[in-house]
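Right, one structure below, let's go through it.
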Amino acid sequence: NRTALTRKSQITLPKKIREILKVKPGDQISFQIEGNEVKVVPVPSLLKENFGKVKPRRMPEEFKELRRDFEEGVGKEALKGL
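Under the working numbering, the residues of the sequence shown are numbered -4 to 77, in order.
Following this line, the structure appears as structure tokens:
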């Protein structure tokens, strides 16, 4: 797999390498120099890495209650404007 350096010193990672590294546009990539070789390493997203590890402060039932209260408040405010 080869690629060329553009005038702006950019490269395009070949599709096969993107697939192996499981990276897509917008993902962060780290370049690590080892001797005269460069290692391309995907940087994991903090969101993806930590998804599901944080416990909610409130239980889902409380969220439903909060949403209902909010919607009722918004409805009342909308009616005031009529």
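Glycine included, each C-beta is placed from N, C-alpha and C at the ideal position.
Nearest-angstrom Cα distance between residue i and residue j?
i: Lys71; j: Lys50; result: 33 Å
i: Phe58; j: Glu66; result: 12 Å
Since residue i and residue j are thought to touch, with beta carbons under 8 Å apart, how far apart are those beta carbons, to the nearest angstrom?
i: Val35; j: Leu61; result: Contact doesn't hold; Cβ gap of about 45 Å is too wide.
i: Lys79; j: Asn(-4); result: Nothing can be reported for residue 79: it is not among the residues displayed for the chain, which extend from -4 to 77.
i: Thr(-2); j: Pro9; result: 6 Å
Would you call the CB atoms of residue i and residue j closer than 8 Å?
i: Ile24; j: Pro37; result: yes
i: Phe26; j: Val33; result: yes
Starting from residue i, follow its DSSP beta bridges and name the residues at the other end.
i: Glu60; result: DSSP lists no partner for Glu60.
What would DSSP say about residue i, mapped onto helix, strand or coil?
i: Ile15; result: helix
i: Lys34; result: strand
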